[in-house]
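J.:
Residue numbers (the working numbering), protein chains in the order written: chain A, 27 to 370; chain B, 306 to 646.
Right, here's the structure in full:
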């Protein structure tokens, strides 16, 4: 100490001793940010956590002993960049999509079964009311079903027109079916996402949307029922409807999850409860959007090409059975316990 | 709790009573936008919330990219497919493409680039989880699904499409809702939009800092155990006790400045410091750029050594007003850099 050491500014000395490992980490992180963690050679991958921890401890020491702003800023930025690499997702995007399908989505559906049930109740209630009202007075039909949606299927139309609306389409060119399918998909998925996002407004618009959807459905049913075509309509709807209505209900359920997180935060603060449950709901909606894609294909192609009523029931029933099995079984181990995806 | 409100913790060294005395306005703003995430190693990382303007600019960039991508895609599809006379498929593809771009652009990039989109990357900001750890897919999904009502609904409203049937009070109700969503980031201190609320995320700035040379490199300890960079500029203990950390770091900035004005600034700063500390070894520094830099570097090294030594004894002197009886508040309560006093 007395015989003049090389340098005596402790923070400078501190930096000189560790700078090499900081630079090494910086280089590694830069490469990982550019081309992904997988592009690093094995020995680098092994060294990364060690270097990260060493640098983090440098940061912690530097905060206590150094007043060199540049070093502090540098370490702060380097540590956070390394942190995201070290604790980042280990799976590739494809693997994450796979795990989403196997665990994430069905798990989210099971977790939100209460709100989903509630959304279903509103939709069923809407259909029953819609059905009864239109049955009592056909004029209600015009209130519930917009012109664009009715497409000529009104109480004023002849039974023959109504029937042909269900069974026509086999002659349509494959070309226009494609447009039809994609249009239906993006339209429905848009509504589904909307139903979810509106959950943020305490869920009231979501409930209304579910209810209104039910009213329309009930009105259609009542119209066709009055001409003795109820079973034909159900068959026509079943092809894609089992998938589509299920997905819409899931979206509504997701919206209600948001609403309940705001209204009933339990023991957390509203912010925390919204943040926690909002993510699960996001997973739910993503899955529902995929379902709507399937529904769009079924509606655009299968329903137009398959005109046999039995075949329609078989397709619709199979889809329903498939979804229900998927939701109850996938993502659970043999004893029925929930398997977590995303190590979260 | 892994996250803490940084504003409540900092600054440790400021005197009790009127808070943040002597910290310059920009320093105050920095502290207010500081957020901490505790790493599993137990060391908190400090992040700065992104500015609202930066975020808006990032969204603009992303929207422009989306529109360009869509136009390019549609034009290409239209040209190639109409060659084969299958317009139906082309229209279908266009609808599908617009849907996918609109809804999955943000989701795809935020998943792929860990919370960044091209726009965010350009602005140097990123999305992080408020609880730490990596950004979960669920969080990315929900924060971007909410854009449907936050971003796309306002856009459709502005361009007056999509709500053809509704009029009157429905329109105003929607307008109110949209205004609420748009203004939400201005009404909470975390600058959260609805999507951030739902996903539990923050948007922070993520600058890439470079490690520069230490300004005090080469400082030595002399026989009397004082730290000396340049023996021509000796400082006494009382001269080093005038300034605090804020002034030291401002001086560091002055010394790192490059450009035509930097020489003049340094001369000016040197002059003021010499006046303030009663410098008695001539005023060469005030006239000559090189001398000014030498003086300032020497002073910087000595001051840093002094303050760091005090820090080791648990005494953090935040700025020149700290710990001085009667000197709690400076002019207007603002600390000025050393050169300005």
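Backbone N, C-alpha and C define an ideal beta-carbon position, used for all residues, glycine too.
Would you check if the distance between the CB atom of residue 226 of chain A and the CB atom of residue 499 of chain B is smaller than 7 Å?
T.: As a first step, residue 226 of chain A is located in the first chain; it is residue number 200 there, counting from the start. As a first step, residue 499 of chain B is located in the second chain; it is residue number 194 there, counting from the start. Cβ atoms of residue 226 of chain A and residue 499 of chain B: closer than 7 Å.
J.: Going by beta carbon distance, what residues of the same chain come within less than 7 Å of residue 91 of chain A, once the five residues before and after it are set aside?
T.: Counted from its first residue, the first chain places residue 91 of chain A at position 65. Only 36, 37, 40 meet the Cβ criterion.
J.: Suppose you measure from the CA of residue 13 of chain A to the CA of residue 274 of chain A; what does that come to, to the nearest Å?
T.: Look at the range of chain A in this structure, 27 to 370, and you will see that residue 13 of chain A is not part of it.
J.: Here's the rule: buried if 16 or more other CB atoms are within 10 angstroms of the residue's CB, otherwise exposed. What is residue 311 of chain A?
T.: Counted from its first residue, the first chain places residue 311 of chain A at position 285. That one is buried.
J.: Taking Cβ to Cβ, would you say residue 97 of chain A is nearer than 7 Å to residue 108 of chain A?
T.: One-based indexing of the first chain puts residue 97 of chain A at position 71. One-based indexing of the first chain puts residue 108 of chain A at position 82. Against a cut-off of 7 Å, the Cβ pair of residue 108 of chain A and residue 97 of chain A comes out as no contact.
J.: If you draw a straight line from the C-alpha of residue 467 of chain B to the C-alpha of residue 407 of chain B, how long is it?
T.: Here residue 467 of chain B is taken as the residue at index 162 of the second chain, counted from 1. Here residue 407 of chain B is taken as the residue at index 102 of the second chain, counted from 1. Any reading at residue 467 of chain B must be qualified, since the residue scores a pLDDT of 47, below 50, and its modelled position is unreliable; the value itself is stated next. Roughly 15 Å separates the two Cα atoms.
J.: Tell me whether residue 46 of chain A is buried or exposed, calling it buried when 16 or more other Cβ atoms sit within 10 Å of its Cβ.
T.: The count along the first chain starts at 1 and reaches residue 46 of chain A at position 20. Residue 46 of chain A is exposed by the Cβ-count criterion.
J.: Within 10 Å of its beta-carbon, does residue 476 of chain B have 16 or more other beta-carbons around it, so buried, or fewer, so exposed?
T.: The residue labelled residue 476 of chain B in the question sits at position 171 within the second chain. Exposed.
J.: Mind checking residue 188 of chain A: buried by the 16 CB within 10 Å criterion, or exposed?
T.: The residue you call residue 188 of chain A lines up with position 162 of the first chain. The residue in question, residue 188 of chain A, is buried, as its Cβ has 16 or more Cβ neighbours within 10 Å.
J.: Measuring CA to CA, which of B:404, B:411, B:435, B:439 is closest to residue 649 of chain B?
T.: In this structure chain B extends from 306 to 646, so residue 649 of chain B is not present and cannot be described.
J.: Report buried or exposed for residue 365 of chain B, applying the criterion of at least 16 other Cβ atoms within 10 angstroms of its Cβ.
T.: Position 60 of the second chain, counting from 1, holds the residue named residue 365 of chain B. With fewer than 16 Cβ atoms within 10 Å of its Cβ, residue 365 of chain B is classed as exposed.
J.: State yes or no: is the beta carbon of residue 346 of chain B nearer than 7 Å to at least one beta carbon in chain A?
T.: Against the second chain, residue 346 of chain B aligns to sequence position 41. Yes - at least one Cβ of chain A is within 7 Å of the one on residue 346 of chain B.
J.: What residues from chain B crowd round residue 37 of chain A, counting only those whose CB sits closer than 9 Å?
T.: In the first chain, counting from the first residue as 1, residue 37 of chain A sits at position 11. Chain B residues near residue 37 of chain A: 519, 521, 609, 610, 613.
J.: Does DSSP put residue 579 of chain B in a helix, a strand or coil?
T.: Along the second chain, one-based indexing puts residue 579 of chain B at 274. It is helical.
J.: At least one CB of chain B closer than 7 Å to the CB of residue 219 of chain A: is that the case?
T.: By 1-based counting over the first chain, the position of residue 219 of chain A is 193. It does; some Cβ of chain B falls within 7 Å.
J.: Just grab the DSSP bridge partners of residue 510 of chain B for me.
T.: Here residue 510 of chain B corresponds to residue number 205 of the second chain, with the count starting at 1. Per DSSP, B:353, B:430.
J.: Hey, is residue 605 of chain B's beta-carbon within less than 7 Å of any beta-carbon in chain A?
T.: As a working note, residue 605 of chain B is residue 300 in the second chain. Answer no: the Cβ-Cβ gap between residue 605 of chain B and chain A never drops below 7 Å.
J.: Give the DSSP bridge partners of residue 650 of chain B, in chain order.
T.: Because chain B spans 306 through 646 in this model, residue 650 of chain B falls outside it and cannot be assessed.
J.: Going along the segment 113-129 of chain A in order, which residues come within less than 8 Å of chain B, judged by CB to CB distance?
T.: Listed by position along the chain: 113, 114, 115, 119, 122, 126.
J.: Quick one: grab the DSSP three-state call for residue 609 of chain B.
T.: As a working mapping, residue 609 of chain B is identified with position 304 in the second chain. Residue 609 of chain B falls in the helix class under three-state DSSP.
J.: Can you tell me where the alpha helix (DSSP H) with residue 37 of chain A in it begins and where it stops?
T.: Residue mapping note: residue 37 of chain A aligns to position 11 of the first chain, counting from 1. Taken as a continuous stretch (DSSP letters only), the alpha helix (DSSP H) holding residue 37 of chain A covers 36-61.
J.: Counting only beta-carbon separations shorter than 7 Å, does residue 159 of chain A have a partner in chain B?
T.: Within the first chain, the letter at position 133 stands for residue 159 of chain A. So no, residue 159 of chain A is outside the interface.
J.: Quick one: grab the DSSP three-state call for residue 498 of chain B.
T.: In the second chain, residue 498 of chain B corresponds to position 193, counting from 1. If DSSP states are grouped into helix, strand and coil, residue 498 of chain B belongs with coil.
J.: For chain B, is any of its Cβ atoms less than 7 Å away from the one on residue 105 of chain A?
T.: Counting from one through the first chain, the residue named residue 105 of chain A turns up at place 79. Answer yes: the Cβ-Cβ gap between residue 105 of chain A and chain B drops below 7 Å somewhere.
J.: Check whether the Cβ of residue 406 of chain B lies closer than 7 Å to any Cβ atom in chain A.
T.: Looking up residue 406 of chain B in the second chain gives position 101. No, because no Cβ of chain A sits closer than 7 Å to the Cβ of residue 406 of chain B.
J.: Looking at the structure shown, is residue 122 of chain A part of a helix, part of a strand, or coil, going by DSSP?
T.: In the first chain, counting from the first residue as 1, residue 122 of chain A sits at position 96. Of the three classes helix, strand and coil, the one that applies to residue 122 of chain A here is helix, per DSSP.
J.: How about residue 61 of chain A: is its C-beta nearer than 7 Å to some C-beta of chain B?
T.: Your numbering for residue 61 of chain A matches position 35 in the first chain. No, no contact with chain B.
J.: With a 10 Å radius around its C-beta and 16 neighbouring C-beta atoms as the bar for buried, classify residue 342 of chain B as buried or exposed.
T.: On the second chain, position 37 is the one that residue 342 of chain B refers to. The residue is buried, with at least 16 neighbouring Cβ atoms inside 10 Å.
J.: Among the candidates B:609, B:565, B:356, whose CA atom is the shortest distance from the CA of residue 94 of chain A?
T.: In the first chain, residue 94 of chain A corresponds to position 68, counting from 1. Checking every option, the nearest Cα to that of residue 94 of chain A belongs to B:609.
J.: Please state if the CB of residue 136 of chain A and the CB of residue 185 of chain A are separated by a distance shorter than 7 Å.
T.: Taking the first chain and counting its residues from 1, one reaches residue 185 of chain A at position 159. Taking the first chain and counting its residues from 1, one reaches residue 136 of chain A at position 110. No, these two residues do not count as a Cβ contact at 7 Å.
J.: Helix or strand or just coil, what does DSSP make of residue 116 of chain A?
T.: Locating residue 116 of chain A in the first chain gives position 90, counting from the first residue. If DSSP states are grouped into helix, strand and coil, residue 116 of chain A belongs with coil.
J.: What's the C-alpha gap between residue 70 of chain A and residue 209 of chain A?
T.: Within the first chain, the letter at position 44 stands for residue 70 of chain A. Within the first chain, the letter at position 183 stands for residue 209 of chain A. Approximately 49 Å, taken between the alpha carbons.
J.: Whose CA, out of A:152, A:62, A:286, lies closest to the CA of residue 138 of chain A?
T.: The sequence position of residue 138 of chain A within the first chain is 112, counting from 1. Measuring from the Cα of residue 138 of chain A, the nearest candidate turns out to be A:286.
J.: Quick check on the burial criterion: 16 or more other C-beta atoms within 10 angstroms. Buried or exposed for residue 625 of chain B?
T.: Numbered from 1 along the second chain, position 320 holds the residue referred to as residue 625 of chain B. Result: buried.
J.: Is there a C-beta anywhere in chain E that falls below 7 Å from the one on residue 168 of chain A?
T.: Structure shown: chain E not included; protein chains present are A and B.
J.: Residues of chain B with CB closer than 8 Å to the CB of residue 102 of chain A, please, in chain order.
T.: Numbered from 1 along the first chain, position 76 holds the residue referred to as residue 102 of chain A. The contacting residues are 350, 351, 514.
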